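For what it's worth, full-length UniProt numbering labels the leading residue of the sequence shown as 1, then goes sequentially.
Glycine residues also receive a C-beta, built at the ideal position from the N, C-alpha and C atoms.
This structure is a prediction, so every number in the text was calculated from the model and none was measured.
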Amino acid sequence: LGGTKDYVGTIEEKMGSTLSFEIAGNITSIRVDEGDRVSKGQLLATINPTTVKEAHRATLTTLKQAEDAYRRFLPLHQSGTISDMKWVEIESKLEQAKAAESIARQQLSHSTLTAPFSGVIAAKNVDMGTYVLPGQPVLKLANVAQVNAKVSVPEAEISLLHVGDKVKLTVAALSGAVFYGTISEKGIDANPISHTYDIKVGITNPQGRLLPGMVCNAQIQGSAASPTHIIVPPQSVELDVDNSRFVWTVVNGKAHQQPVTIGDFEGDGIIILSGLHTGDQVIINGQQKVSEGMMVDTGKSNNR
Numbered sequence: 001l002g003g004t005k006d007y008v009g010t011i012e013e014k015m016g017s018t019l020s021f022e023i024a025g026n027i028t029s030i031r032v033d034e035g036d037r038v039s040k041g042q043l044l045a046t047i048n049p050t051t052v053k054e055a056h057r058a059t060l061t062t063l064k065q066a067e068d069a070y071r072r073f074l075p076l077h078q079s080g081t082i083s084d085m086k087w088v089e090i091e092s093k094l095e096q097a098k099a100a101e102s103i104a105r106q107q108l109s110h111s112t113l114t115a116p117f118s119g120v121i122a123a124k125n126v127d128m129g130t131y132v133l134p135g136q137p138v139l140k141l142a143n144v145a146q147v148n149a150k151v152s153v154p155e156a157e158i159s160l161l162h163v164g165d166k167v168k169l170t171v172a173a174l175s176g177a178v179f180y181g182t183i184s185e186k187g188i189d190a191n192p193i194s195h196t197y198d199i200k201v202g203i204t205n206p207q208g209r210l211l212p213g214m215v216c217n218a219q220i221q222g223s224a225a226s227p228t229h230i231i232v233p234p235q236s237v238e239l240d241v242d243n244s245r246f247v248w249t250v251v252n253g254k255a256h257q258q259p260v261t262i263g264d265f266e267g268d269g270i271i272i273l274s275g276l277h278t279g280d281q282v283i284i285n286g287q288q289k290v291s292e293g294m295m296v297d298t299g300k301s302n303n304r
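This is how it looks when you write it as structure tokens:
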């Protein structure tokens with residue numbers, strides 16, 4: 001894994017929100033499409049809340065009746081003509097009617113859907129005339145001022161990556177435009193099928209060019225790219241009686257059985273994660289005839 005290492009990633013929104021109405025009704029207007037950029041507070045959609053409108057009208061009627069009763073009985077209360085119990089009942093009905101009307105009016109205000117933050121419409125789930133229920137997804141809004149690139153890394157290489165490592169990203173959909181970011185998250189659960197770990201690369205996206213779903217090529221430019229890793233032919237790695245892997249090296253002209261830890265395949269070779277260093281001589285041919293301490297002609301060894 002010498003030099004830079006390329007991975008494939010997908011752009012994701014860093015912050016997203018599924019928008020829905022709090023009341024039921026038919027969509028009467030929807031003012032955005034997928035991909036549209038919107039500002040915080042912008043009106044996105046409205047519904048015709050028939051049931052809520054009827055409920056609000058009913059509370060207005062009840063409130064008017066309670067106010068009329070209050071005005072009629074106020075002089076009687078002041079003159080002592082009606083009992084205190086009766087007056088308390090009239091006052092209570094008025095307060096209850098006011099509270100009910102306030103709640104119904106608040107519900108009526110939920111017939112509009114506005115953007116909670118500036119971003120891009122990532123999904124549109126309804127059309128004009130659609131009947132929606134409370135909580136039913138209507139739109140998905142993504143904040144793309146900051147985005148992530150989700151990248152899958154082989155298990156043999158995940159230990160080489162660290163939060164804060166710099167990453168260069170190239171996006172083919174934007175004519176090969178280059179962006180830079182840093183690793184912000186490093187997953188700890190491997191995919192059981194691919195045996196890869198996910199990392200997230202945080203990217204500043206002030207112009208909003210990067211959109212969720214875009215594919216990118218990610219080159220690690222931090223600590224993962226700088227270490228020198230040894231690559232040897234797969235046939236040079238053997239198993240001992242304990243099923244531990246080793247290679248034969250040449251030390252002072254003699255064969256030595258050197259335990260190693262292997263990683264992933266790289267081209268026609270296999271990565272040695274530990275056990276070898278740059279400059280070590282590894283026997284890559286005829287090692288089946290080699291034994292510990294045997295004199296070796298270095299002309300048949302390979303500098304790694």
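Alpha carbon to alpha carbon, how far is residue i from residue j?
{"i": "D240", "j": "F246", "result": "7 Å"}
{"i": "P192", "j": "S111", "result": "45 Å"}
{"i": "T28", "j": "A123", "result": "18 Å"}
{"i": "Q258", "j": "I188", "result": "31 Å"}
{"i": "T18", "j": "I203", "result": "22 Å"}
{"i": "G222", "j": "D6", "result": "Only weak support exists for where G222 lies, its pLDDT of 49 falling under 50; the value from the coordinates is given anyway. Computed Cα separation, rounded: 13 Å."}
{"i": "N148", "j": "T10", "result": "8 Å"}
{"i": "L273", "j": "S194", "result": "20 Å"}
{"i": "F179", "j": "G35", "result": "21 Å"}
{"i": "L133", "j": "S20", "result": "9 Å"}
{"i": "Q136", "j": "L160", "result": "43 Å"}
{"i": "residue 383", "j": "A24", "result": "Outside the shown range of the chain, which is 1 to 304, sits residue 383, and nothing can be said about it."}
{"i": "A190", "j": "E157", "result": "12 Å"}
{"i": "K98", "j": "A115", "result": "30 Å"}
{"i": "K140", "j": "K64", "result": "41 Å"}
{"i": "S175", "j": "P234", "result": "38 Å"}
{"i": "G213", "j": "E292", "result": "55 Å"}
{"i": "G269", "j": "L211", "result": "37 Å"}
{"i": "N143", "j": "A172", "result": "22 Å"}
{"i": "F117", "j": "L44", "result": "12 Å"}
{"i": "I30", "j": "V52", "result": "20 Å"}
{"i": "V88", "j": "E22", "result": "35 Å"}
{"i": "G286", "j": "V163", "result": "43 Å"}
{"i": "H56", "j": "V126", "result": "26 Å"}
With a 10 Å radius around its C-beta and 16 neighbouring C-beta atoms as the bar for buried, classify residue i as buried or exposed.
{"i": "Q96", "result": "exposed"}
{"i": "A225", "result": "Note that A225 scores 46 on pLDDT, short of 50, meaning its location in the model is unreliable and no value can be drawn from it."}
{"i": "F265", "result": "exposed"}
{"i": "Q40", "result": "It is worth fixing the name first, because residue 40 is Lys in this sequence and not Gln. Answer is exposed; the Cβ neighbour count stays below 16."}
{"i": "I103", "result": "exposed"}
{"i": "V32", "result": "buried"}
{"i": "Q78", "result": "exposed"}
{"i": "K300", "result": "Any reading at K300 needs caution, since the residue's pLDDT is 48, under 50, leaving its predicted position unreliable; the model's value is listed next. Exposed, by the Cβ-count rule."}
{"i": "N205", "result": "buried"}
{"i": "Q288", "result": "exposed"}
{"i": "T61", "result": "exposed"}
Is the distance from the Cβ of residue i to the Cβ of residue j below 7 Å?
{"i": "K168", "j": "D198", "result": "no"}
{"i": "V232", "j": "V282", "result": "yes"}
{"i": "G263", "j": "I271", "result": "yes"}
{"i": "I82", "j": "L74", "result": "no"}
{"i": "A66", "j": "L94", "result": "yes"}
{"i": "I284", "j": "S244", "result": "no"}
{"i": "Q207", "j": "K14", "result": "no"}
{"i": "G129", "j": "N26", "result": "yes"}
{"i": "K200", "j": "E185", "result": "yes"}
{"i": "A69", "j": "I90", "result": "yes"}
{"i": "T196", "j": "V153", "result": "yes"}
With which residues is residue i paired in a DSSP beta bridge?
{"i": "F265", "result": "I270"}
{"i": "Y12", "result": "One detail in the question is off: residue 12 reads as Glu in this sequence, not Tyr. Answer is N148, bridged to E12."}
{"i": "L113", "result": "A45"}
{"i": "M295", "result": "K254"}
{"i": "R105", "result": "According to DSSP, which records beta bridges pairwise, R105 is partnered with nothing at all."}
{"i": "L94", "result": "Looking at the DSSP assignment, L94 forms no beta bridge with any residue, so it has no partner."}
{"i": "T130", "result": "T130 is not bridged to any residue."}
{"i": "A123", "result": "K140"}
{"i": "Y7", "result": "A218"}
{"i": "residue 356", "result": "The requested residue 356 is not part of the displayed model; the chain covers only 1 to 304."}
{"i": "V232", "result": "I270"}
key: Complete runs of the beta strand (DSSP E) confined to the region 16-61 [at least 3 residues]   = Counting whole runs of 3 or more residues, the region 16-61 contains the beta strand (DSSP E) stretches 25-30, 43-48.
Secondary structure, beta strand (DSSP E): runs of 3+ residues fully inside the UniProt domain "CusB-like beta-barrel" (150-223) = Segments of the beta strand (DSSP E) lying fully in the UniProt domain "CusB-like beta-barrel" (150-223): 166-171, 177-186, 196-204, 215-220.
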